[in-house]
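Some notes on the structure that comes next.
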């Protein structure tokens, strides 16, 4: 949270430092800090795919700690569920747009029919 709310330039420096430390040591602490930064809503480095990679990498690591393994699995499950919900939302929006377009087309057809009927009526 501390890194996520920093000004952009400082946040960039901190993320580079953290990434370099993780690349060098591969420590669990650095991995989870990067994962948390990748899911934090105020982070400029929000990247759920990256967070999933980090968490899945931890699950596949040689000797994961049980407490951190449970946390990694929970975060991974939540991220995957969020992706499913977002995909479902996109599909619902597309369906809504499609139905809106069809309704507009039907309304246009109805107007055309009404105009033709008005023209076809004999004058009194």
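Residue numbers (our numbering): 1229 to 1352.
Quick reminder that beta carbons are idealized off the backbone N, C-alpha and C, glycines included.
Looking at C-beta atoms only, is the number of pairs between the stretch 1293-1312 and the stretch 1324-1343 that lie closer than 8 Å three or more? With a cut-off of 8 Å, the stretch 1324-1343 and the stretch 1293-1312 do not count as touching, because too few Cβ pairs lie within range.
Where are the alpha helix (DSSP H) runs, 4 residues long or more, that stay fully inside the stretch 1252-1317, in chain order? For the stretch 1252-1317, whole alpha helix (DSSP H) runs of length 4 or above, ordered along the chain, are 1256-1267, 1276-1287.
Exposed or buried, what is residue 1229 when buried is set at 16 or more other beta-carbons lying within 10 Å of its beta-carbon? Residue 1229 counts as exposed, since fewer than 16 other C-beta atoms from the protein chains shown sit within 10 angstroms of its C-beta.
So for residue 1232, helix, strand or coil by DSSP? It is coil, neither helix nor strand.
Using the three-state DSSP reduction, which class does residue 1349 fall into: helix, strand or coil? Three-state DSSP puts residue 1349 in coil, outside helix and strand.
Three or more C-beta pairs closer than 8 Å, one from the stretch 1340-1348 and one from the stretch 1313-1330: is that the case here? The answer is no - the stretch 1313-1330 does not touch the stretch 1340-1348, with fewer than three Cβ pairs under 8 Å.
Are the beta-carbon atoms belonging to residue 1279 and residue 1266 less than 7 Å from one another? Against a cut-off of 7 Å, the Cβ pair of residue 1266 and residue 1279 comes out as a contact.
Tell whether a beta-carbon distance below 7 Å holds between residue 1234 and residue 1262. Taking 7 Å as the cut-off, the beta carbon of residue 1234 is found no closer than this to the beta carbon of residue 1262.
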